[in-house]
Amino acid sequence: MDTILSVPYYPAEDEKLRATNIHRRRGGNVPNTLEVLQQLVRISDEHEPQLYLCSVMPASSSVASREIKASFGPNVDLSRCLYRDDHSEPASSYIIKSSSADGRTIVNYNDLPEMTSDEFVAISDSFDNETPTWYHFEVRLKSTTPSLRFDFGLTQSFKGRIPDVTLECIRHLRRKHPNVKVSVEVEKPGRSGLESLAAEADVVFYSKSWSRERGCSDATTCVLEQAMIARKAYALTKLLDSYPETS
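All residue numbers for the sequence shown refer to the working numbering, where the first residue is 47 and numbers rise by one.
Here it is, written out as structure tokens:
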């Protein structure tokens, strides 16, 4: 959950400042991806994919879990989420948004035990992966949290926080369910293990900050460089075919 405090300027240390507005909303890249997908589902005449969020959540009876469920509506299935019954607070971001600086400062909080590879295996094996299925992983620093699963048919979204745990999850899919599609987000620069995830994925999403950290002057340069690593990514392979001098 995101809590956004709008302020006229950033307060100094020990200063008290009245916020001009407060807004609370569901956050997270994977839930936001699901939000877009369910909008696309509503306007599609050809496909009616089932969308799933597979994420670590506080107790199902908690206010936060009820708010998150209500925010999605009927097109996203949260029944495969992992509810930590001894926790009441979700993964949260507290955002201070300054109108004078036109910037924001973010403080994150999360004490939920992360999804383990064994938990992921149990969840993924519970699906009918013989139907066309897509797993999308968001990767953070600490471990594996949600995934998004599209089924075209079916879609799951798994938010993976620890790259090595996420890699175990993807390799399980490759061994047990070789026909599913896998996509990952490579967002935060400086995190070890992300390129190993990209090497296993069918589709990879790179952030601008990742590209800049790698010294790439534009998106094309970044994609062509990473295509030498993410060789299973069919979209990147097509780009390499368009630029034979890099192969």
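All residues carry an ideal CB built from backbone N, CA and C; glycine is no exception.
**Prompt:** Rounded to the nearest angstrom, how far is the Cβ of Y55 from that of A137, given a contact under 8 Å?
**Reply:** Translated into the one-based positions of the sequence shown, residue 55 becomes position 9. Translated into the one-based positions of the sequence shown, residue 137 becomes position 91. Incorrect: roughly 28 Å between the Cβ atoms, too far for contact.
**Prompt:** Count the other CB atoms within 10 Å of the CB of E246; is the residue buried (16 or more) or exposed (fewer)?
**Reply:** One-based indexing of the sequence shown puts residue 246 at position 200. Flag for E246 reads buried.
**Message:** At 3 residues or longer, what runs of the beta strand (DSSP E) sit wholly inside the stretch 86-150?
**Reply:** 96-98, 102-104, 128-130 and 138-144
**Message:** Can you tell me where the alpha helix (DSSP H) holding I169 begins and where it ends?
**Reply:** As a working note, residue 169 is residue 123 in the sequence shown. Where I169 is concerned, the enclosing alpha helix (DSSP H) stretches over S163 to S170.
**Item:** Helix, strand or coil at L200 according to DSSP, with G and I counted as helix
**Value:** Position 154 of the sequence shown holds residue 200. Confidence at L200 is low in this model, with a pLDDT of 48, below 50, so its placement is unreliable and the value that follows should be read with caution. In the structure shown, L200 sits in a strand (DSSP, three-state: E or B).
**Request:** Tell me where the beta strand (DSSP E) around T49 begins and ends.
**Result:** Looking up residue 49 in the sequence shown gives position 3. Start and end: D48 to V53.
**Asked** Assuming S229 contacts V250 under a Cβ cut-off of 8 Å, what Cβ separation, rounded to an integer in Å, is found between them?
**Response** Counting from 1 along the sequence shown, the entry for residue 229 is found at position 183. Counting from 1 along the sequence shown, the entry for residue 250 is found at position 204. That pair is a contact at about 7 Å.
**L240 versus N78, T49 and A276, residue with shortest Cα-Cα distance** = Start at 1 with the first residue of the sequence shown, and residue 240 comes out as number 194. Looking at the Cα atoms, A276 is the closest of the given residues.
**Message:** On the DSSP bridge list, what partners appear for N67?
**Reply:** Taking the sequence shown and counting its residues from 1, one reaches residue 67 at position 21. The partner list for N67 (beta bridge, DSSP) reads S52.
**Message:** DSSP has F173 in a bridge; who is on the other side?
**Reply:** To locate residue 173, count along the sequence shown from 1; it is residue 127. Looking at the DSSP assignment, F173 forms no beta bridge with any residue, so it has no partner.
**Request:** Grab me the residues of T283's own chain with a C-beta within less than 8 Å of its C-beta, minus the 5 sequence neighbours each way, in chain order.
**Result:** One-based indexing of the sequence shown puts residue 283 at position 237. Residue placement at T283 is flagged as unreliable, the pLDDT there being 40, under the threshold of 50; the coordinate-derived value follows with that caveat. Result list for T283: A273 and R277, in chain order.
**Collapsed DSSP secondary structure at N75 in the structure displayed** = Your numbering for residue 75 matches position 29 in the sequence shown. DSSP places N75 in helix when its eight states are reduced to three.
**Request:** Report the three-state DSSP secondary structure of I216 (helix, strand or coil).
**Result:** For the purposes of this step, residue 216 is identified with residue 170 of the sequence shown, where counting begins at 1. DSSP places I216 in helix when its eight states are reduced to three.
**Prompt:** To the nearest whole angstrom, what separates the beta carbons of V122 and L158, a pair I think is in contact under 8 Å?
**Reply:** What you label residue 122 is simply residue 76 of the sequence shown in a count that begins at 1. What you label residue 158 is simply residue 112 of the sequence shown in a count that begins at 1. Contact doesn't hold; Cβ gap of about 19 Å is too wide.
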